[in-house]
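Report on one structure; see the data block that follows.
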Amino acid sequence: MDTIINPVTGQKLIFIQTGKTTGGRLLEMESHYVAKSKEPAPHYHPFQREHFTMLEGEMHVRLKSGVQHLKKGDEIVIEPGEVHSMWNPADAPAVVNWKVSPAMETEAFFRTVYSLASEGKTNAEGRPRLLQAALLAVLYAGEFRLARPRVWV
Numbered sequence: 061m062d063t064i065i066n067p068v069t070g071q072k073l074i075f076i077q078t079g080k081t082t083g084g085r086l087l088e089m090e091s092h093y094v095a096k097s098k099e100p101a102p103h104y105h106p107f108q109r110e111h112f113t114m115l116e117g118e119m120h121v122r123l124k125s126g127v128q129h130l131k132k133g134d135e136i137v138i139e140p141g142e143v144h145s146m147w148n149p150a151d152a153p154a155v156v157n158w159k160v161s162p163a164m165e166t167e168a169f170f171r172t173v174y175s176l177a178s179e180g181k182t183n184a185e186g187r188p189r190l191l192q193a194a195l196l197a198v199l200y201a202g203e204f205r206l207a208r209p210r211v212w213v
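Numbering-wise (our numbering), the sequence shown opens with residue 61 and increments by one.
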């Protein structure tokens, strides 16, 4: 299993199954969230389904219907096109089993974003700078889209 860590956000991803090992069918990760992680920008995946299972700690998931509170053993499925965001509001770390199907290029997306963070090309919240964000939006439009454009000041 391969592991990557975002040095800005502290989030760690352990790749359990990848698109390469599953013939593109599935990407399975174990995601480690630091305590009091920031809520990411609302986003959606146009062609992918996500299945989250809480292994440790707790998470908040913002959906159209409101914020759901997940704790150990809870599961949630995010369907393609469903706008969402997910973060750890608690004082302790959280661990989530995260399955994305089909895998598409999601692994490459995370590797790219974490590399940008390592190179200092993100803001203090780990979001890529404008040029990098624009390129990511084009390269990974099939995997990840912001629910609304970011406000640039």
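The beta carbon of each residue, even a glycine, is placed where N, CA and C say it ideally should be.
Between residue i and residue j, what straight-line distance do the alpha-carbon atoms span, to the nearest angstrom?
i, j, result
"residue 214", "residue 201", "Since the first residue of the chain shown is 61 and the last is 213, residue 214 is not available in this structure."
"residue 106", "residue 112", "17 Å"
"residue 190", "residue 75", "28 Å"
"residue 152", "residue 94", "7 Å"
"residue 188", "residue 68", "11 Å"
"residue 119", "residue 177", "23 Å"
"residue 121", "residue 171", "23 Å"
"residue 212", "residue 80", "Note that residue 212 scores a pLDDT of 45, beneath 50, so its modelled location is shaky and nothing firm can be said."
"residue 61", "residue 77", "8 Å"
"residue 98", "residue 146", "9 Å"
Which first and last residues belong to the alpha helix (DSSP H) in which residue i is found?
i, result
"residue 171", "166–178"
"residue 192", "190–199"
Could you pull out every residue in the same chain whose Cβ sits closer than 7 Å to the Cβ of residue i, ignoring the five residues on either side in sequence?
i, result
"residue 134", "114"
Going by other Cβ atoms of all chains shown within 10 Å of its Cβ, with 16 needed for buried, is residue i buried or exposed?
i, result
"residue 221", "As displayed, the chain neither begins before 61 nor continues past 213, which places residue 221 out of reach and without an answer."
"residue 88", "buried"
"residue 166", "buried"
"residue 96", "exposed"
"residue 203", "buried"
With a CB to CB cut of under 8 Å and the five nearest residues on each side skipped, what residues in its chain are close to residue i?
i, result
"residue 168", "200"
If contacts are defined as beta-carbon pairs under 8 Å, then residue i and residue j qualify, I think. What distance do you get, rounded to the angstrom?
i, j, result
"residue 148", "residue 117", "6 Å"
"residue 90", "residue 157", "6 Å"
"residue 162", "residue 84", "6 Å"
"residue 159", "residue 86", "6 Å"
"residue 104", "residue 208", "About 11 Å separates the two Cβ atoms, so there is no contact after all."
"residue 110", "residue 138", "4 Å"
Any Cβ of chain E within less than 9 Å of the Cβ of residue i?
i, result
"residue 207", "In the displayed structure, chain E is absent; only one protein chain is listed."
Which two residues bound the contiguous beta strand (DSSP E) that contains residue i?
i, result
"residue 154", "154–161"
"residue 13", "Here the chain covers residues 61 to 213 and nothing more, so residue 13 does not appear."
"residue 63", "62–65"
"residue 131", "126–131"
"residue 113", "109–116"
Beta-carbon within less than 6 Å of residue i's beta-carbon, same chain only, minus the 5 sequence neighbours each way: which residues are those?
i, result
"residue 128", "121"
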